[in-house]
Each structure stands twice: as C-alpha cells, then as structure tokens.
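Trainee:
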Amino acid sequence: MQKKTVLPDGAHASYKSRRFSSPRGRVELNNGIPAISIGEECPDSMIDKVITYMGLSKYRKIIMIRRGSFWDKK
C-alpha cells in the first residue's frame, strides 16, 4: 500500500499540546485515494471546509471519510 502523509509546517507541534481539548483529524493519500479521518462528532460542514482547504474538491466522489472516536475531544 502506498501511503503519503503531509503535515503543514508546525502543525503537529501546535496541536500536540492540546490534543485532548481540540478537535483533530488527518488527511492522507492511500493508493491515490484521499482519506479524511475525523471524530464522530465532526459536522459535515467542517468536512467540506477541509476538502476545500486541502484542494480535494475534484476528488469529492472518491474521498473516504473515516469517523472514529479517537479523533474526538476527550
């Protein structure tokens, strides 16, 4: 499986200290298919913002959305 993770400069460090009090998620590219991992409570409107911000609009039909409590605030 070919997997690529892209982190903006400083993103990991800035969220690491607040990982249990802030909503979190991850965007990955797995075998050419974008995957967005988000919390169970993440609204669809926020998913749309992530898709737009990450430039994934042309992949909207094939994007995998993975919801899991791991990404929710604790």
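Residues in the sequence shown are numbered from 825 upward in steps of one, following my numbering.
Ideal Cβ positions, reconstructed from N, Cα and C, are used throughout, including at glycine.
(1) Using the rule of at least 16 other Cβ atoms within 10 Å of the residue's Cβ for burial, across every protein chain shown, is Ile875 buried or exposed?
(2) Buried or exposed: Ile857, going by 16 or more other Cβ atoms within 10 Å of its Cβ?
(3) Just the C-alpha distance for Glu865 and Trp895, rounded to the nearest angstrom, thanks.
(4) I'd like to check one pair, Ser869 with Gly892: are the Cβ atoms closer than 8 Å?
(5) So, is Gly849 buried or exposed, given that buried needs 16 or more other C-beta atoms within 10 angstroms?
Mentor: Reading off the structure:
(1) buried
(2) exposed
(3) 9 Å
(4) no
(5) buried
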